[in-house]
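Peer 1: When we follow this note's numbering, the leftmost residue of the sequence shown carries the number 117, and every step to the right adds one.
Beta carbons: idealized from backbone N, C-alpha and C, even for Gly.
Here you go, one structure.
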Amino acid sequence: MDIFSYLPVIILFLIFGFIMLIHIIKTWDSEKKSYKKINEIIYTILTFAFAIYYPFLILRFGKNKNGIILPNAVDELTLLGNIFIVGVMICVSLWGISAKIRTIRNPDLLIDQNNYEVFCKEFLKDYNEKSQLKRRITHILPGAVVGVCVIIVYYFFFGLLGNSWSDYAMFIVIIIGVDFALTFIAQDLIRLFDFSYMPPTAIKMCKSGLTPEELDSFSSTSVMVFSFGPFIFFSFPIFFIVLLITSVADAMASMVGILTGEKKHRFPKSTNKSIEGYISGFIFTFICTVFAVVFSNFFQLSNWSFELTLFIALILSVVFVFIDLITSKINLQDNYLNPFIIGPVLIIILIYANISVF
Numbered sequence: 117m118d119i120f121s122y123l124p125v126i127i128l129f130l131i132f133g134f135i136m137l138i139h140i141i142k143t144w145d146s147e148k149k150s151y152k153k154i155n156e157i158i159y160t161i162l163t164f165a166f167a168i169y170y171p172f173l174i175l176r177f178g179k180n181k182n183g184i185i186l187p188n189a190v191d192e193l194t195l196l197g198n199i200f201i202v203g204v205m206i207c208v209s210l211w212g213i214s215a216k217i218r219t220i221r222n223p224d225l226l227i228d229q230n231n232y233e234v235f236c237k238e239f240l241k242d243y244n245e246k247s248q249l250k251r252r253i254t255h256i257l258p259g260a261v262v263g264v265c266v267i268i269v270y271y272f273f274f275g276l277l278g279n280s281w282s283d284y285a286m287f288i289v290i291i292i293g294v295d296f297a298l299t300f301i302a303q304d305l306i307r308l309f310d311f312s313y314m315p316p317t318a319i320k321m322c323k324s325g326l327t328p329e330e331l332d333s334f335s336s337t338s339v340m341v342f343s344f345g346p347f348i349f350f351s352f353p354i355f356f357i358v359l360l361i362t363s364v365a366d367a368m369a370s371m372v373g374i375l376t377g378e379k380k381h382r383f384p385k386s387t388n389k390s391i392e393g394y395i396s397g398f399i400f401t402f403i404c405t406v407f408a409v410v411f412s413n414f415f416q417l418s419n420w421s422f423e424l425t426l427f428i429a430l431i432l433s434v435v436f437v438f439i440d441l442i443t444s445k446i447n448l449q450d451n452y453l454n455p456f457i458i459g460p461v462l463i464i465i466l467i468y469a470n471i472s473v474f
C-alpha cells in the first residue's frame with residue numbers, strides 16, 4: 117500500500133495543526149503569559165509530528181504480517197485507521213454543524229448557552245476542588261484503556277490473530293487515543309474560534325477537561341495522548357510504564373494534594389505543590405512501574421527480572437518527584453515533560469542493562 121493510502125489521516129492532522137497554528141499567530145500579541153505560548157507551540161508540534169510518524173506506526177505493527185480480511189496487516193490497519201479516525205472526526209464535524217444550525221434557528225442560544233463569555237463566567241464560578249478531582253479522574257482513563265484493550269484482544273481474539281494479537285491490540289489503542297485527543301482538540305478550536313458550533317453535551321465535556329488557566333488556550337488533555345506517541349515505537353513495557361506514570365501516577369499525586377486541602381504542607385511555599393503530593397507521586401510512580409512490568413510479563417510482552425524492575429521503579433520515582441519540583445517553579449505542562457524525561461531515562465537504563473528496547 118502506497119503513501120496515498122495514509123493521506124486521509126495525515127491530512128486530518130495537518131488541518132488540525134494548521135488551525136492550531138493560526139490561533140497561536142492570531143493571539144501572539146495578546147497579554148497571554150509566555151508559558152502558555154510555549155505550551156501551545158509544543159501542543160501544535162506534537163500534532164504535526166503525529167501526521168509525520170503515523171505511517172511508520174502502521175508499518176511498525178503491520179509489516180510482514182498477514183491480515184484477517186485483507187491480504188496483509190498493513191493494508192488492514194490502514195483501512196481501520198481511515199475508517200475509525202477520519203470517520204469519527206467526520207461525525208464530530210457533523211455534530212458541530214448541527215449545533216451551528218440550532219443557533220441559526222434559535223439565535224437566543226447565542227446569548228447564554230453558546231456564548232463563550234457566559235461559559236467562562238459560569239465555569240470560573242463553579243470551578244472547585246470537586247471539578248479538579250473529576251478532571252484528574254479522566255487522566256486515569258488512558259491507562260485503563262490500554263489495559264482493557266490488551267486483555268480483551270488476548271482473551272477473545274488470540275485464536276484469530278495468533279502472534280499478531282499484540283500488534284492489533286496496540287493499533288486499537290492508537291485509534292482510541294487519537295479519537296479521544298482529536299475530539300478534545302476540536303472542542304478547543306471551536307471554543308476559541310466560534311462557540312456557536314459547540315453542542316450542549318460537548319459544553320459539559322469542556323467543563324470537565326479544563327482549568328481556569330486554559331480558558332484562553334488549548335487544554336492539556338489532548339497533548340497527554342500525543343506525548344505517548346513516540347514511545348509506541350518501543351517495546352510494550354516502555355510504552356506502558358511511560359503512560360501509567362504520566363496519567364495515573366500524576367493524577368493520583370494531584371488528587372492527594374487536593375484532598376489534603378489546607379492541611380497540606382506546601383513546598384515550595386509560594387506554590388500549590390505539597391510534600392504529601394511528592395510522597396504520593398513517588399509511591400504511585402513506583403507502583404505503576406512495577407504493575408506495568410508484571411502486566412507485560414504476564415502477557416509475555418516482556419521478561420524483565422524482578423530486581424531490574426524494582427531498580428527502574430526506584431529511579432523513575434525519583435525522576436517523577438524531580439519533574440514535579442521543576443513544574444512548581446516553571447509553568448510548563450507535566451503532561452509532556454513527564455513522558456519526555458521519564459521515557460529517555462527508562463530507555464537509557466535498559467540499554468545499560470542490555471535489555472532490548474524494541
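What's the C-alpha gap between I220 and L226?
Peer 2: The straight-line gap from Cα to Cα measures roughly 9 Å.
Peer 1: Run the CB neighbour count on D224, radius 10 Å, all protein chains shown included, and call it buried at 16 or more, exposed below.
Peer 2: When all chains shown are included, D224 counts as exposed.
Peer 1: Would you grab the beta carbon distance between D304 and F334 for me? Rounded to a whole angstrom, and I think it's under 8 Å.
Peer 2: The Cβ separation is near 5 Å, so the contact holds.
Peer 1: Answer with buried or exposed for A260, where buried requires no fewer than 16 other C-beta atoms within 10 angstroms of its C-beta.
Peer 2: Exposed, because fewer than 16 other Cβ atoms sit within 10 Å of the Cβ of A260.
Peer 1: CB M368 to CB S390, shorter than 9 Å?
Peer 2: No; because the gap between Cβ atoms is not below 9 Å, this pair is not in contact.
Peer 1: For F200, which option in N182, P346, I288 has the closest C-alpha, if you only look at C-alpha atoms?
Peer 2: F200 has its Cα closest to that of I288, out of N182, P346, I288.
Peer 1: Please identify the residue among S336, N155, D332, S282 whose C-alpha is closest to the C-alpha of F300.
Peer 2: Of the candidates S336, N155, D332, S282, the one whose C-alpha sits nearest the C-alpha of F300 is S336.
Peer 1: Which same chain residues, not among the five before or five after A167, have their C-beta less than 6 Å away from its C-beta?
Peer 2: Contacts found: I126, F129, L130.
Peer 1: Would you identify the three-state DSSP class for N182, choosing helix, strand or coil?
Peer 2: N182 falls in the strand class under three-state DSSP.
Peer 1: According to the neighbour-count rule (16 or more other Cβ atoms, all chains shown, within 10 Å of its Cβ), is A429 buried or exposed?
Peer 2: A429 should be labelled buried.
Peer 1: Is the beta carbon of S338 less than 9 Å from the beta carbon of F400?
Peer 2: Against a cut-off of 9 Å, the Cβ pair of F400 and S338 comes out as no contact.
Peer 1: Can you tell me the Cα-Cα spacing of V234 and V406, whole angstroms?
Peer 2: So the two alpha carbons sit approximately 46 Å from each other.
Peer 1: My output table needs one value for N447: the three-state DSSP class, helix, strand or coil.
Peer 2: Residue state, collapsed to three classes: coil.
Peer 1: Evaluate T387 with the Cβ neighbour count: other Cβ atoms within 10 Å of its Cβ, from every protein chain shown; 16 or more gives buried, anything less gives exposed.
Peer 2: Under this definition T387 is an exposed residue.
Peer 1: Indicate whether the contact test is met: 3 or more Cβ pairs, each with one atom in the stretch 457–466 and one in the stretch 341–360, closer than 8 Å.
Peer 2: Cβ pair count under 8 Å is three or more, so yes.
Peer 1: What distance in whole Å lies between the Cβ atoms of P258 and S150, which are believed to be in contact at a cut-off of 8 Å?
Peer 2: Not confirmed; about 29 Å, so no contact.
Peer 1: Once DSSP output is grouped into helix, strand and coil, what is the label at S351?
Peer 2: In this structure, S351 counts as coil in the three-state DSSP scheme.
Peer 1: Along the chain, which unbroken stretches of the alpha helix (DSSP H) at least 4 residues long are found entirely within the stretch 188–261?
Peer 2: Within the stretch 188–261, the complete alpha helix (DSSP H) runs of at least 4 residues are 189–197, 203–221, 232–242, 245–254.
Peer 1: Could you tell me which uninterrupted alpha helix (DSSP H) segments, each at least 4 residues in length, are contained entirely in the stretch 379–456, listed from first to last along the chain?
Peer 2: As far as the stretch 379–456 is concerned, its whole alpha helix (DSSP H) runs of at least 4 residues are 391–414, 422–445.
Peer 1: Within 8 Å, do at least three Cβ pairs link the stretch 151–164 to the stretch 228–247?
Peer 2: Not touching, per the Cβ criterion.
Peer 1: By Cβ distance below 8 Å, which residues in the same chain neighbour L424 in space, the five residues on each side in sequence not counted?
Peer 2: The residues are A469, I471.
Peer 1: If the criterion is Cβ atoms closer than 9 Å, does the pair I458 and V358 meet it?
Peer 2: Yes, these two residues count as a Cβ contact at 9 Å.
Peer 1: Assign T317 to one of two classes, buried (16 or more other C-beta atoms within 10 Å of its C-beta) or exposed (fewer than that).
Peer 2: Result: exposed.
Peer 1: Under the assumption that L173 contacts I348 (Cβ atoms under 8 Å), give the Cβ distance between them as a whole number of angstroms.
Peer 2: Confirmed, about 6 Å.
Peer 1: Kindly indicate which three-state DSSP category I161 falls into: helix, strand or coil?
Peer 2: Here I161 sits in helix by DSSP.
Peer 1: Is I319 buried or exposed, if buried means 16 or more other CB atoms sit within 10 Å of its CB?
Peer 2: Burial call: buried.
Peer 1: Look at the Cβ atom of G539, then the Cβ atom of R251, and state whether they are nearer than 9 Å.
Peer 2: Outside the shown range of the chain (117 to 474) lies residue 539, about which nothing can therefore be said.
Peer 1: Quick one: measure Cβ to Cβ for Y270 and F415, integer angstroms, because I've assumed they're closer than 8 Å.
Peer 2: Correct: roughly 6 Å between the Cβ atoms.
Peer 1: Could you tell me whether the Cβ atoms of S282 and V294 are closer together than 9 Å?
Peer 2: Not a contact, by the Cβ cut-off of 9 Å.
Peer 1: Please state the DSSP three-state secondary structure of T143.
Peer 2: DSSP places T143 in coil when its eight states are reduced to three.
Peer 1: Just to confirm my understanding: we take D332, look at its own chain, exclude 5 residues before and 5 after, and list those with CB closer than 7 Å. What are they?
Peer 2: Counting only Cβ-Cβ distances below 7 Å, and skipping sequence neighbours, we find K148.
Peer 1: From the DSSP output, in three-state form, read off F134 for me.
Peer 2: Helix, per DSSP.
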